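>
Chains as they are written, first to last, in UniProt numbering: chain A, 1 to 249; chain B, 1 to 249.
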């Protein structure tokens, strides 16, 4: 049982951070504010060669909206600074050689771990999504197509499935933009229901990094931006992962 | 595509509600504030005879904490006014003969719909949970044991999986306590990570019903209440389901 709360962790970490000047956008430089540069975080997160299955690739269940916007962003990865994030079965695969900070250790006696947003592996039935990240602009776009196993009100996505998709997009953005590791706060205002099978586009922006916290906003809309599904904000605590070979292990 | 937002719906509904006095707890009487009594909502929601599988029953994956607290609350259903809510595969099963308000119609060309929190049917791998509701006190308790498919940080439940569990517990509470149908706002402060396989207990309370909205709070803790995992609030919009045979269909 892990008893050290995020607040205590933040206070402990804050002592270390006091020697550094907090960074507020614009002019954000997480490399100065925290340990690793965004570039090194991204390159470790997106291995060029891997045998791991990437679940963020088109499949037969993707609708025309999802497919065409995916192709649009894929083009932008060639010249516009966007990076397509791979999505492996577990976060463990993304942080190979790294581990959670000391004290955050849980029993690990099961082998089939899945990140929640990849819990359903039948194509089209659960989460279909892909995240593009822009390291310089500190923003992300997530293309999200909820399947029939994500239902809430008949025919529409469960509010909780969108909340989880937001948390996951915030999470990847926070980690890559500045080693944001733990959700401290998630605040969502729901505006419209998302029909199952349709495309929702999440636009996430890092607003500021201050006092060891990343503050982000998200607007979720239909592709034509005519319908706003939800607006949200997220606050993440910065905390560095440790090398597996660390003497503190 | 459904374009009428919750805010517009709330304003439309508010005109109807203006003739009624808003109710604030204590002394809450949703039956006066809205259409159906809590008792009639509960009895329709919990059919005595049904062939539908109830997923909120103990199975081999439930740990000792989950099992013993389940038994405790089951005893309270006999004399203390608590009701164990059944949990079917889809919300469609819970509201048979009813439908969403006019205008909220989505294509329904797939047969295998699942409520998001029952999306994984392999025992112990995903969501294991059961909700108990107290109609008089307008409160709920949800026993939640996250499995390894709900992972976020290695070994711990994804923040989004807890957000969805909160939204679902709020949702059932809001509906039964006063026909709360749509999440308007969800605000979560995360305090500690939940180890996969352990028990988290969500305590939900309806704080007030006012201006066609239900305001609820939730605290999520370990069974011994030594560790607070998260605190949250939820606001739901009251809206009546319609009879399938309604002339408005």
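We put the beta carbon where it would ideally sit given N, CA and C, even for glycine. Quick caveat, the model's predicted, so the values are computed rather than measured.
So for residue 250 of chain A, helix, strand or coil by DSSP?
Residue 250 of chain A lies beyond the stretch modelled for chain A, which goes from 1 to 249, so this question has no answer here.
> Per the contact definition of three or more C-beta pairs closer than 8 Å, is the stretch 232–247 of chain B in contact with the stretch 166–186 of chain B?
Yes: at least three Cβ pairs fall under 8 Å.
> What residues from the stretch 156–168 of chain A come within 8 Å of chain B, judged by C-beta to C-beta, listed N to C?
If the cut-off is 8 Å between Cβ atoms, the stretch 156–168 of chain A has 156, 157, 158, 159, 160, 161, 163, 164, 165, 166, 167 and 168 near chain B.
> Looking at the C-beta of residue 144 of chain A, does it have a partner C-beta in chain B at a distance below 7 Å?
Chain B, which has no Cβ nearer than 7 Å to the Cβ of residue 144 of chain A, makes this no.
> Can you list, in chain order, the residues of its chain whose CB lies under 7 Å from that of residue 90 of chain A, leaving out five sequence neighbours each side?
113, 114 and 115.
> Would you grab the beta carbon distance between residue 153 of chain B and residue 193 of chain B for me? Rounded to a whole angstrom, and I think it's under 8 Å.
About 6 Å; that satisfies the 8 Å criterion.
> Which residues in the same chain as residue 229 of chain B place their Cβ atom closer than 8 Å to its Cβ, once the five residues preceding and following it in sequence are excluded?
These residues qualify, in order along the chain: 162, 190, 191, 192, 193, 194, 200, 220, 221 and 222.
> When you compare each of A:151, A:65 and A:205 to residue 260 of chain A by their alpha carbons, which one comes out closest?
An answer regarding residue 260 of chain A cannot be provided, because it is not within the stretch 1 to 249 covered by chain A.
> Verify the CB distance criterion: does residue 151 of chain B have a CB-CB separation below 7 Å to chain A?
Answer yes: the Cβ-Cβ gap between residue 151 of chain B and chain A drops below 7 Å somewhere.
> Taking the alpha helix (DSSP H) that residue 78 of chain B falls in, what are its first and last residues?
From DSSP, the alpha helix (DSSP H) with residue 78 of chain B extends over 64–79.
> If you drop the 5 nearest sequence neighbours on each side, which residues of the same chain put their C-beta closer than 8 Å to that of residue 77 of chain A?
83, 84 and 132, listed in sequence order.
> Kindly list the residues whose CB is nearer than 8 Å to the CB of residue 81 of chain B, restricted to its own chain and excluding five residues on each side of it in sequence; keep chain order.
Closer than 8 Å at Cβ, skipping near neighbours: 134, 135, 136 and 137.
> Suppose contacts are defined by Cβ-Cβ distances below 7 Å. Is residue 121 of chain A in contact with residue 149 of chain A by that definition?
No, the Cβ-Cβ distance between residue 121 of chain A and residue 149 of chain A is not below 7 Å.
> Contact check, residue 123 of chain B vs residue 177 of chain B under 8 Å by CB: the rounded distance?
The Cβ separation is near 30 Å, so there is no contact.
> Counting only Cβ-Cβ distances shorter than 8 Å, please list the residues of the stretch 177–198 of chain A near chain B, keeping chain order.
Answer in chain order: 181, 182, 183, 184, 185, 186, 187, 188, 189, 190, 191, 192, 193, 195, 196, 197 and 198.
> Tell me the DSSP bridge mates of residue 185 of chain A?
Per DSSP, A:235 and B:189.
> Around the Cβ of residue 244 of chain A, are there at least 16 other Cβ atoms within 10 angstroms (buried) or fewer (exposed)?
Result: exposed.
> From the DSSP output, read off the bridge partner residues of residue 229 of chain B.
None; residue 229 of chain B has no bridge partner.
> So, is residue 41 of chain A buried or exposed, given that buried needs 16 or more other C-beta atoms within 10 angstroms?
Flag for residue 41 of chain A reads buried.
> List, in chain order, every chain A residue whose beta-carbon is nearer than 7 Å to that of residue 239 of chain B.
Those within 7 Å of residue 239 of chain B in chain A number zero; the least Cβ separation is about 10 Å.
> Would residue 236 of chain A pass as an interface residue toward chain B - the criterion being a Cβ-Cβ separation below 7 Å?
No - not a single Cβ of chain B is within 7 Å of the one on residue 236 of chain A.
> Note down, in chain order, every chain A residue with its Cβ under 9 Å from the Cβ of residue 113 of chain B.
Simply 148, 149, 151, 154, 155 and 196.
> Just to confirm my understanding: we take residue 67 of chain A, look at its own chain, exclude 5 residues before and 5 after, and list those with CB closer than 7 Å. What are they?
Result list for residue 67 of chain A: 58, in chain order.
> Note down, one range per segment and in chain order, each alpha helix (DSSP H) of at least 4 residues found wholly within the stretch 91–121 of chain B.
Counting only runs of 4 or more, we get 91–94.
> So residue 119 of chain A packs on residue 218 of chain B, CB below 8 Å; how close in whole Å?
About 23 Å; that fails the 8 Å criterion.
> List the residues of chain B whose Cβ lies closer than 8 Å to the Cβ of residue 203 of chain A, in chain order.
Result: empty, since nearest Cβ-Cβ is about 18 Å, beyond 8 Å.
> Hey, residue 45 of chain B and residue 94 of chain B: beta-carbon distance below 7 Å or not?
Going by C-beta atoms, residue 45 of chain B is nearer than 7 Å to residue 94 of chain B.
> Rounded to whole angstroms, what's the CA-CA distance from residue 240 of chain A to residue 47 of chain A? Just pull it up for me.
Rounded to the nearest angstrom, the two C-alpha atoms are 20 Å apart.
> Please report the Cβ distance between residue 164 of chain A and residue 63 of chain B, rounded to the nearest whole angstrom; I am assuming they are in contact, meaning their Cβ atoms lie under 8 Å.
About 23 Å; that fails the 8 Å criterion.
> Determine the burial state of residue 96 of chain B: buried for a count of at least 16 other Cβ atoms within 10 Å of its Cβ, exposed for fewer.
Result: exposed.
> Measuring alpha carbon to alpha carbon, tell me which residue in A:65, A:209 and A:207 is nearest residue 128 of chain A.
Cα-wise, what sits closest to residue 128 of chain A is A:65.
> Could you please tell me which residues of the stretch 202–234 of chain A, in chain order, have their CB closer than 8 Å to any CB of chain B?
Listed by position along the chain: 222, 226, 227 and 228.
> Using 10 angstroms around the beta-carbon of residue 140 of chain B, count the other beta-carbons present and answer buried if the total reaches 16, otherwise exposed.
Residue 140 of chain B is buried by the Cβ-count criterion.
> What separation, rounded to the nearest whole angstrom, lies between the Cα atoms of residue 231 of chain A and residue 179 of chain A?
Rounded to whole angstroms, residue 231 of chain A to residue 179 of chain A spans 23 Å at the Cα level.
> Shorter than 7 Å from the beta carbon of residue 5 of chain B to some beta carbon of chain A?
For residue 5 of chain B, the answer is yes, since a Cβ of chain A falls inside 7 Å of its Cβ.
> Tell me where the alpha helix (DSSP H) around residue 87 of chain A begins and ends.
First-last for residue 87 of chain A: undefined, no H or E at that position.
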